[in-house]
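Visitor: Would you mind keeping the following structure in view while I ask a few things?
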Amino acid sequence: MHCVRNVCDDLYWIGGNDHRLALFENIHPIPRGVSYNSYLLMDEKTVLFDTVDWDVCRQFLENMEYVLNGRTLDYMIINHMEPDHGASIEEVLLRYPDVKIISTEKSFLLMHQFGFDVDGRMIEVKEGDTMNFGKHTIAFVEAPMVHWPEAMVSFDTTNGVLFSADAFGSFGALDGKLFNDEVNFDRDWLDDARRYYTNIVGKYGPHVQHLLKKAATLDIKMICPLHGPVWRTDLGYILDKYHKWSTYEPEEQGVMIAYASMYGNTESAAQVLAAKLVEKGVHNVVVHDVSNTHVSQLIADTFKYSHIVLASVTYNLGIYPVMHDYLLHAKALNVQKRIVGLIENGSWAPKSGSLMKAFLDDEMKQMSVLNSEVSMVSALRDTNENEMDGLVEGILDSLKKNN
Ligand code: FEO
17 MHCVRNVCDD
27 LYWIGGNDHR
37 LALFENIHPI
47 PRGVSYNSYL
57 LMDEKTVLFD
67 TVDWDVCRQF
77 LENMEYVLNG
87 RTLDYMIINH
97 MEPDHGASIE
107 EVLLRYPDVK
117 IISTEKSFLL
127 MHQFGFDVDG
137 RMIEVKEGDT
147 MNFGKHTIAF
157 VEAPMVHWPE
167 AMVSFDTTNG
177 VLFSADAFGS
187 FGALDGKLFN
197 DEVNFDRDWL
207 DDARRYYTNI
217 VGKYGPHVQH
227 LLKKAATLDI
237 KMICPLHGPV
247 WRTDLGYILD
257 KYHKWSTYEP
267 EEQGVMIAYA
277 SMYGNTESAA
287 QVLAAKLVEK
297 GVHNVVVHDV
307 SNTHVSQLIA
317 DTFKYSHIVL
327 ASVTYNLGIY
337 PVMHDYLLHA
347 KALNVQKRIV
357 GLIENGSWAP
367 KSGSLMKAFL
377 DDEMKQMSVL
387 NSEVSMVSAL
397 RDTNENEMDG
407 LVEGILDSLK
417 KNN
């Protein structure tokens, strides 16, 4: 049976939700599932905005057939060709052989690479082009690297609906609730929206900034992303989050302590630091064990908090591998502008502190490492208390400066 929501006059959500997929992109856990949003405009011509992942294709086709109600599909606008949205294009072509595909040159190149038979049905558009479908006129805006090079967004100049591709998306299945005002976004969705943005699009902050500047020139009334809720109220809320994330500015003044511990001694040091910070009035503190916290969560909190403390045991004279892996992810995702404190441990040759500092200084951008470092041998002892208090004071001082 169909599962459809009306978005606004003439426009329908015809996508699908998936709770069965464990890992998005086969990397990122999605315990709340994910939605693949597709939209159908019923104008003088019928226009589909993107398809869905193969996993929900059957539901999507049933939805489309229901909304078309006997009409054929005239056009298919492809804003993003990554397979979580483009996988069902061929199935649409089989069922609606006269449909024309509207997309960018690079997108058609990708369709050929994926082996789709689209010749003779392509309408190539570029920045600033428009097409009229009856009552609605759609303008096309290129959005390269948000999140693939071929991406564009489409803007309905008639009613102010922006089809934003991956931008403004989120992990999480919709479960019936389509609009941002039908959920408690700040309480129930923001963490997944942040984890989605930072891990999927985080590397491309300057490109997102470029798109945001173009979006600021449009009279946007509604944002229809390819994942997660549709925004029809409080657009400033999500735009503000995107501005912070894409400029790598922290969302909150606070401290993420990420520790790598083999036998619990480095973990104890992390807990001592957390307790001392909270006792001094810094309540916005989170502590993560890098060995059992998925790196996508570590990355999301790295974007969220202003201060990061890395506490790592030394392993084979190097950084503990899981901590090193987190740092490599942070570098790959262009994390920058954070204040970092260091705690090192090692039973015969503690080196992780100097190695982590070298990584932050040499491999990443604008990471300020606090002078006060804790260096422990095997376990934190009373002799380390001055160092630990120095680290606490260093964090407090820089928090005060940022306020
Ligand atoms: Fe949701 Fe870049 O694909």
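Residue numbers for the sequence shown follow the numbering used here, so the first one is 17 and each next one is one higher. Just so you know, even glycine gets a beta-carbon here, dropped at the ideal spot from N, CA and C. Computed from a predicted model, the values in this text were never measured in an experiment.
Where DSSP assigns a beta bridge to MET278, which residues make up the other side?
Guide: Here residue 278 refers to the residue found at position 262 when the sequence shown is read from its first residue. Answer is none; MET278 lacks a bridge partner.
Visitor: Can you check DSSP and say which residues form a bridge with HIS304?
Guide: Along the sequence shown, read from residue 1 onward, the residue named residue 304 stands at position 288. Bridge partners of HIS304: ALA274.
Visitor: From the DSSP output, in three-state form, read off THR67 for me.
Guide: Here residue 67 corresponds to residue number 51 of the sequence shown, with the count starting at 1. Coil, per DSSP.
Visitor: According to DSSP, is HIS435 helix, strand or coil?
Guide: A question about residue 435 goes unanswered here, because the residues of the chain that appear run from 17 up to 419.
Visitor: Contact defined as beta carbons within less than 8 Å: I believe ASN350 pairs with LYS219. What is the distance between those atoms, to the nearest angstrom?
Guide: The residue labelled residue 350 in the question sits at position 334 within the sequence shown. The residue labelled residue 219 in the question sits at position 203 within the sequence shown. Confirmed, about 5 Å.
Visitor: By a C-beta neighbour count over all protein chains shown, 10 Å radius and 16 as the cutoff for buried, is PRO241 buried or exposed?
Guide: Within the sequence shown, numbered from 1, the residue matching residue 241 stands at position 225. Looking at its Cβ environment, which holds 16 or more other Cβ atoms inside 10 Å, PRO241 is buried.
Visitor: By DSSP's criteria, PHE195 is part of a beta bridge. Which residues make up the other side?
Guide: Numbered from its first residue, the sequence shown carries residue 195 at position 179. DSSP lists VAL246 as partners of PHE195.
Visitor: State the Cα-Cα distance for the pair LEU376 and VAL356, rounded to the nearest angstrom.
Guide: Numbered from 1 along the sequence shown, position 360 holds the residue referred to as residue 376. Numbered from 1 along the sequence shown, position 340 holds the residue referred to as residue 356. Looking at the two C-alpha atoms, the distance is approximately 9 Å.
Visitor: Could you tell me whether any non-hydrogen atom of ligand 1 is closer than 7 Å to the CB of TRP247?
Guide: Position 231 of the sequence shown holds residue 247. No, the Cβ of TRP247 stays beyond 7 Å of every heavy atom of ligand 1.
Visitor: Quick check on ASN361: buried or exposed, where buried means 16 or more other Cβ atoms within 10 Å of its Cβ?
Guide: Against the sequence shown, residue 361 aligns to sequence position 345. Under this definition ASN361 is a buried residue.
Visitor: With DSSP collapsed to three states, give me the class of ARG397.
Guide: In the sequence shown, counting from the first residue as 1, residue 397 sits at position 381. It is coil, neither helix nor strand.
Visitor: Taking 7 Å as the cut-off, is the CB of HIS96 close to at least one heavy atom of ligand 1?
Guide: Stepping through the sequence shown from its first residue, residue 96 is reached at position 80. True, at least one ligand heavy atom lies under 7 Å from that Cβ.
Visitor: Between the Cα of ALA285 and those of LYS320, VAL325 and LEU227, spot the shortest distance and give me the residue it belongs to.
Guide: Reading the sequence shown from its first residue, position 269 is the one you call residue 285. Residue VAL325 is the option with its Cα nearest to ALA285.
Visitor: Given 7 Å as the limit, tell me if HIS243 has its C-beta closer than that to any heavy atom belonging to ligand 1.
Guide: Your numbering for residue 243 matches position 227 in the sequence shown. Yes; taking the cut-off as 7 Å, the Cβ of HIS243 has a heavy atom of ligand 1 nearer than that.
Visitor: Is any heavy atom of ligand 1 found at a distance shorter than 7 Å from the C-beta of TRP261?
Guide: Residue numbering aside, residue 261 sits at position 245 when the sequence shown is read from its first letter. For ligand 1, not one heavy atom lies less than 7 Å from the Cβ of TRP261.
Visitor: Quick check on DSSP: helix, strand or coil for PRO45?
Guide: For this step, residue 45 is matched to residue 29 along the sequence shown. Three-state result, PRO45: strand.
Visitor: Given the structure, does TRP164 come close to ligand 1, in the sense that its CB is under 7 Å from one of the ligand's heavy atoms?
Guide: On the sequence shown, position 148 is the one that residue 164 refers to. Yes.
Visitor: Can you give me the Cβ contacts of HIS304 inside the same chain, cut-off strictly under 8 Å, excluding the 5 residues immediately before and after it?
Guide: Along the sequence shown, one-based indexing puts residue 304 at 288. For HIS304, where only same-chain residues beyond five positions count, the Cβ hits under 8 Å are MET272, ILE273, ALA274, TYR275, GLN313, LEU314 and ASP317.
Visitor: Taking only the alpha-carbon atoms, compute the straight-line gap between TYR264 and MET17 and give it to the nearest angstrom.
Guide: As a working mapping, residue 264 is identified with position 248 in the sequence shown. As a working mapping, residue 17 is identified with position 1 in the sequence shown. Near 44 Å, if we compare the C-alpha coordinates of MET17 and TYR264.
Visitor: Return the first residue and the last residue of the beta strand (DSSP E) that PHE156 is part of.
Guide: Numbered from its first residue, the sequence shown carries residue 156 at position 140. 153 to 158 is the span of the beta strand (DSSP E), which, as asked, contains PHE156.
Visitor: Examine the Cβ distances between the region 180 to 197 and the region 133 to 146 and report whether three or more of them are shorter than 8 Å.
Guide: No: the two stretches stay apart, fewer than three of their Cβ pairs being nearer than 8 Å.
Visitor: At what residue ranges does the region 110 to 153 contain a whole run of the alpha helix (DSSP H), taking only runs of 4 or more?
Guide: The region 110 to 153 contains these whole alpha helix (DSSP H) runs: 121 to 129.
Visitor: Quick one: give me the first and last residue of the alpha helix (DSSP H) that MET339 is part of.
Guide: For the purposes of this step, residue 339 is taken as the residue at position 323 of the sequence shown. Where MET339 is concerned, the enclosing alpha helix (DSSP H) stretches over 337 to 348.
Visitor: Grouping DSSP H, G and I as helix and E and B as strand, with all else coil, what is GLN352?
Guide: Here the question's residue 352 lines up with position 336 in the sequence shown. Three-state DSSP puts GLN352 in a strand.
Visitor: Does PRO222 pass the burial test, meaning 16 or more other C-beta atoms within 10 Å, or should it be called exposed?
Guide: In the sequence shown, the residue the question calls residue 222 occupies position 206. PRO222 is exposed by the Cβ-count criterion.
Visitor: Going by C-alpha to C-alpha distance, which of THR120, GLN129, MET161 and VAL134 sits closest to ASP145?
Guide: On the sequence shown, residue 145 is found 129 positions in, with the first residue counted as 1. Measuring from the Cα of ASP145, the nearest candidate turns out to be THR120.
Visitor: Could you tell me which of GLU107, VAL157 and GLY150 sits nearest to VAL134, measuring between CA atoms?
Guide: The residue given as residue 134 occupies position 118 in the sequence shown. The residue with the shortest Cα to Cα distance from VAL134 is GLU107.
Visitor: Below 8 Å between beta carbons: does that hold for ASP26 and ASP59?
Guide: Your numbering for residue 26 matches position 10 in the sequence shown. Your numbering for residue 59 matches position 43 in the sequence shown. Yes, the Cβ-Cβ distance between ASP26 and ASP59 is below 8 Å.
Visitor: Can you give the beta carbon distance from VAL306 to TYR279, rounded, assuming they're within the 8 Å contact cut?
Guide: Mapped onto the sequence shown, residue 306 falls at position 290. Mapped onto the sequence shown, residue 279 falls at position 263. That pair is no contact at about 15 Å.
Visitor: Tell me whether THR233 is buried or exposed, calling it buried when 16 or more other Cβ atoms sit within 10 Å of its Cβ.
Guide: Stepping through the sequence shown from its first residue, residue 233 is reached at position 217. So THR233 counts as exposed.
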